[in-house]
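J.: Numbering (this note's numbering), first residue to last: 4 to 128. By construction, the Cβ of each residue, glycine as well, lies at the ideal position given by its N, Cα and C atoms. Treat the numbers as computed from the prediction; the structure is a model and nothing was measured.
The structure is reproduced here in structure tokens:
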């Protein structure tokens, strides 16, 4: 089954979480692990990526997985989820991406994403 990795998993890995690092390593060995182009913006704009080395290592982590760009179809589905579930736009985009891929969303944000009945979610820790 395909999995979509939410930004919180990458953030946990950057903060040194061994659980997050282990999950990413396991996913790197398989196939069908995706991330959203939105996740790149979220991570690179965070304080965790203030220095060049961290930004560079973050981009190397991303290169292991498959990126999904936000296109018109995805934007329309995100708008639908945002209206239907009152989600913040970034969460709506991630939910729409998981839905489009028919992927399980790996996230620690179970509370917000559990509103979206059209996707499968799992906290990987």
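Tell me the DSSP secondary structure of residue 118 in three-state form.
T.: coil
J.: Cα separation between residue 26 and residue 51?
T.: 20 Å
J.: Which of the three DSSP states is assigned to residue 37 in this structure?
T.: Residue 37 falls in the strand class under three-state DSSP.
J.: Alpha carbon to alpha carbon, how far is residue 115 from residue 5?
T.: 21 Å
J.: So, at 7 Å on beta carbons, what are the nonlocal neighbours of residue 10 in its own chain, with the 5 sequence-adjacent residues on each side left out?
T.: 42, 45, 46
J.: So within the region 52 to 91, which uninterrupted beta strand (DSSP E) runs reach at least 3 residues, ignoring any that extend past its ends?
T.: 69 to 71
J.: Along the alpha helix (DSSP H) that carries residue 50, what are the first and last residues, could you check?
T.: First-last for residue 50: undefined, no H or E at that position.
J.: Between which residues of its own chain and residue 57 is the CB-CB distance below 8 Å, once the five residues before and five after are set aside?
T.: 17, 51
J.: Looking at C-beta atoms only, is the number of pairs between the region 73 to 85 and the region 93 to 107 that lie closer than 8 Å three or more?
T.: yes
J.: Would you grab the beta carbon distance between residue 7 and residue 109 for me? Rounded to a whole angstrom, and I think it's under 8 Å.
T.: 7 Å
J.: Here's a check: name, in chain order, each residue in its chain whose Cβ is nearer than 6 Å to the Cβ of residue 35, leaving out the five neighbours to either side.
T.: Sequence-distant Cβ neighbours of residue 35 in its own chain, meaning closer than 6 Å and more than five residues away, are 5.
J.: Can you tell me which of 102, 126, 117 puts its alpha carbon nearest to the alpha carbon of residue 79?
T.: Comparing Cα-Cα distances from residue 79 to each of 102, 126, 117, the minimum goes to 102.
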